[in-house]
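These protein sequence lines map, in sequence, to chains W and P.
Under full-length UniProt numbering, the residues of the first sequence are numbered 1 to 232, in order.
Under full-length UniProt numbering, the residues of the second sequence are numbered 1 to 232, in order.
Glycine included, each C-beta is placed from N, C-alpha and C at the ideal position.
These numbers were taken from a predicted model, which means no experiment stands behind them.
Heads up, the thing below is written out as C-alpha cells.
2 protein chains.
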Amino acid sequence: MNAAAGSPSANAPIRVLVADDEALVRSGFKVLLDLEDDIAVVGEATNGHEAVERTRATRPDVVLMDIRMPKLDGIQATAQIAGTRGLEQVRVLILTTYDTDDYVFDALQAGASGFLLKDAGPSELLHAVRVVAVGDALLAPRITRRLIGQFAARRQVARAAEERLAVLTEREREVTALVGQGLSNHEIGNELFLSPATVRTHVSHAMVKLGARDRAQLVVIAYRTGLVSPAP
Amino acid sequence: MNAAAGSPSANAPIRVLVADDEALVRSGFKVLLDLEDDIAVVGEATNGHEAVERTRATRPDVVLMDIRMPKLDGIQATAQIAGTRGLEQVRVLILTTYDTDDYVFDALQAGASGFLLKDAGPSELLHAVRVVAVGDALLAPRITRRLIGQFAARRQVARAAEERLAVLTEREREVTALVGQGLSNHEIGNELFLSPATVRTHVSHAMVKLGARDRAQLVVIAYRTGLVSPAP
DNA sequence: GGACGCCGCCGCCCGCGGTCGGAGGCGGCG
DNA sequence: CGCCGCCTCCGACCGCGGGCGGCGGCGTCC
Numbered sequence: 001m002n003a004a005a006g007s008p009s010a011n012a013p014i015r016v017l018v019a020d021d022e023a024l025v026r027s028g029f030k031v032l033l034d035l036e037d038d039i040a041v042v043g044e045a046t047n048g049h050e051a052v053e054r055t056r057a058t059r060p061d062v063v064l065m066d067i068r069m070p071k072l073d074g075i076q077a078t079a080q081i082a083g084t085r086g087l088e089q090v091r092v093l094i095l096t097t098y099d100t101d102d103y104v105f106d107a108l109q110a111g112a113s114g115f116l117l118k119d120a121g122p123s124e125l126l127h128a129v130r131v132v133a134v135g136d137a138l139l140a141p142r143i144t145r146r147l148i149g150q151f152a153a154r155r156q157v158a159r160a161a162e163e164r165l166a167v168l169t170e171r172e173r174e175v176t177a178l179v180g181q182g183l184s185n186h187e188i189g190n191e192l193f194l195s196p197a198t199v200r201t202h203v204s205h206a207m208v209k210l211g212a213r214d215r216a217q218l219v220v221i222a223y224r225t226g227l228v229s230p231a232p
Numbered sequence: 001m002n003a004a005a006g007s008p009s010a011n012a013p014i015r016v017l018v019a020d021d022e023a024l025v026r027s028g029f030k031v032l033l034d035l036e037d038d039i040a041v042v043g044e045a046t047n048g049h050e051a052v053e054r055t056r057a058t059r060p061d062v063v064l065m066d067i068r069m070p071k072l073d074g075i076q077a078t079a080q081i082a083g084t085r086g087l088e089q090v091r092v093l094i095l096t097t098y099d100t101d102d103y104v105f106d107a108l109q110a111g112a113s114g115f116l117l118k119d120a121g122p123s124e125l126l127h128a129v130r131v132v133a134v135g136d137a138l139l140a141p142r143i144t145r146r147l148i149g150q151f152a153a154r155r156q157v158a159r160a161a162e163e164r165l166a167v168l169t170e171r172e173r174e175v176t177a178l179v180g181q182g183l184s185n186h187e188i189g190n191e192l193f194l195s196p197a198t199v200r201t202h203v204s205h206a207m208v209k210l211g212a213r214d215r216a217q218l219v220v221i222a223y224r225t226g227l228v229s230p231a232p
C-alpha cells in the first residue's frame, strides 16, 4: 500500500488528505475514496491548522479541503500550503457548499487546483481527484462559467475602449503608447528618431483627439484602452 | 423526435449542431451523440459560414464547433453566433486538437461556453454537452489550469506591487490615487480641501519615494500597483 | 494643374509642474 | 523636556510640457 512513497509515479495510488470539520463528511469521503484502487486516504484533519500540519507530515498528492473550518479556514490553509517550500507538488481541491465569488477567486489566488461544490456527484469527485493529481485543474461548471465571465469581461472592456484609439494616426498611437510608459518627450524622440518638438506635436494631437488635457490624463487613457498593459 | 421544438425543457432532447470540415469526424460525433437518449444531432456544417447559417436555421441548444475550418474559422463563427439577436440561448462548445493560448482566450472572449481537446474521451464529450446545454461551462483540465494561472497571476502582480505603496503616508497615497486619475494639483486641492501648494509637496514626496521623475510616471506606478483600477 | 486635407516636422511663447528651503502645528517616543 | 515624523502651507527658481502658427510632402478630388 504505502510501499511506494515519495513521487506519485505511474501506478502508485493517489495519496489523499481529507480536511473537513464534520466527522460524517470525512468518513463519507474516506469510504468513497478508499473504494477506488488507485486512491488512498492517508490522513484526516478537522481544521485549517491540522490540515497544514498533516500535509507537512504526510505529503499527500491531493488535499481535499473544506472552506468553512474552525481555527483557520480552508483558503488560508491552502495559501500556507502553497507557500511552503517542499509542498509545491501538493494539489489542493476545494470542496464547499457555498460558491461565493470571493471564496472562489480567493481560493484560486491562494493556489488551489480545483473547486467543487458539495452537490457534485461521487463520480465527479473521483474524476476531480484524478485530474488535479496529475497537475491539471478542474472547476465546478457553474464556477467555470463565472470565471470565464470574469475573464471575458476584462477583455471586453479593453476591446470596446480600443475603438477610441481608431481616430489616432499610426504615429500618434506610437507616441501615446510610449507616453503611457512614462517616457518624456525627449526619450520618445530618441526612441523613434524624432525631434522632441515633433513628438510634442503628436502628443498634442493625440491629447486633443482623446480629450486629454494633460499628459497624465493621456497615460490614464493609454491604460484604460489597453494600449499599455498593467503588467511589466 | 422533433415534436418538442423551441425551448429545451425538462426531458426534451438536447439539440446539437456539429460543425467540422472533416466528414469522418462529423459522422463519428453524430453516431456517438445520437446513441444517447437525451441528445439529438439536428444538423451539420462543414465550415464557419455554414455553421452560422445552420445555427440560425435550426436554433440548436449546443453547437459543437471545430476551430480549424475553411472560409470562416470556428472562433469567428462563435463570435457571430454570440452576437446575433435571438441566438443568445445557443451554447458553443469548442473542440479542437490545438490548445494554443490565443485560441482558448479568443474563443472564450468570443462567447464560447466550453473548450475540449480532441484527446478527450467520449464520456467527457457527452458530459460537456449536457453541462453547457443547461447554461454552465466546462473546460479541458489542462486549459482550466492555464486559465487559473492567468487569473492568479494578475492578482499576484497586484498584491506584490501594492507593497511598494507601504512607504507612503496616508495623505501621499491619497493624492497619488487622484494623480493616477489624471487630476491636476489644483483639482486635487479642491477634492481634499488642501492648498495646491500642499498637494505639490505630497506629490513630490510620493514621487521621490516611488522613484518617479514625472507625474506621468506616477500615474504609471499608480496603475501598476493597482492603486487605481483600469476598469471604471 | 491647382485646391484641399492629412500627416509629419519644426520653432516660439508661457504656464503648470517639480525642486528647494523654510515655517508652524500636532502627536508619539525616549 | 527635546526630538522626530507627519501634515499643512508658502515663495522662488526653472525646465518640461502644451498651445499656436508655420512649412514641406503626399494623396484625393475637382
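Boundaries (first-last residue) of the alpha helix (DSSP H) holding W:Gly43:
Taken as a continuous stretch (DSSP letters only), W:Gly43 belongs to no alpha helix (DSSP H), being part of the beta strand (DSSP E) at Ile39 to Ala45.
Can you tell me whether W:Pro60 is buried or exposed? The criterion is at least 16 other CB atoms within 10 Å of its CB, across all chains shown.
buried
How is the alpha helix (DSSP H) around W:Ile75 delimited, first residue to last?
Gly74 to Ala82
Report the rounded CA-to-CA distance for P:Glu162 versus W:His202, giving the unit in angstroms.
33 Å
Classify W:Leu87 as helix, strand or coil using the three-state DSSP reduction.
coil
So which residues of chain P does W:Ile148 contact, with C-beta pairs closer than 7 Å?
Leu108 and Ala137
When the Cβ atoms of the segment 77-84 of chain P are set against those of the segment 114-125 of chain P, are three or more pairs found closer than 8 Å?
no
What is the rounded straight-line gap between the Cα of W:Ala57 and the Cα of W:Ile143?
32 Å
Give me the DSSP bridge partner(s) of P:Met207.
Looking at the DSSP assignment, P:Met207 forms no beta bridge with any residue, so it has no partner.
Quick one: is W:Asp66 buried, meaning 16 or more other Cβ sit within 10 Å of its Cβ, or exposed?
buried
Cross-strand partners of W:Val92 (DSSP beta bridge)
W:Val63
Could you check what DSSP says for W:Leu227 in three-state terms: helix, strand or coil?
coil
What's the gap between the Cα of W:Ile221 and the Cα of P:Gln89?
35 Å
Going by DSSP, what residues sit across from P:Val129 in a beta bridge?
DSSP lists no partner for P:Val129.
Nearest to P:Leu64 by alpha carbon, out of P:Ala45, P:Gln109, P:Pro230 and P:Tyr98?
P:Ala45
I'd like the list of long-range same chain contacts for W:Val131, defined as Cβ closer than 6 Å, with 5 residues on each side in sequence excluded.
Leu138
Looking at P:Ile81 and P:Leu72, is the spacing between their C-beta atoms short of 8 Å?
no
Drop a sphere of 10 angstroms on the beta-carbon of W:Ala212, count the other beta-carbons inside from all chains shown, and report buried for 16 or more, exposed for fewer.
buried
Straight-line Cα distance separating P:Ile14 from P:Pro8:
With a pLDDT of 47 at P:Pro8, under the threshold of 50, the predicted position of this residue should be treated as unreliable, though the coordinate-derived value follows. P:Pro8 and P:Ile14: Cα-Cα distance of roughly 7 Å.
Alpha carbon to alpha carbon, how far is P:Ile188 from P:Ser204?
14 Å
According to DSSP, is P:Val18 helix, strand or coil?
strand
Are the CB atoms of P:Val52 and P:Val16 nearer to each other than 8 Å?
no
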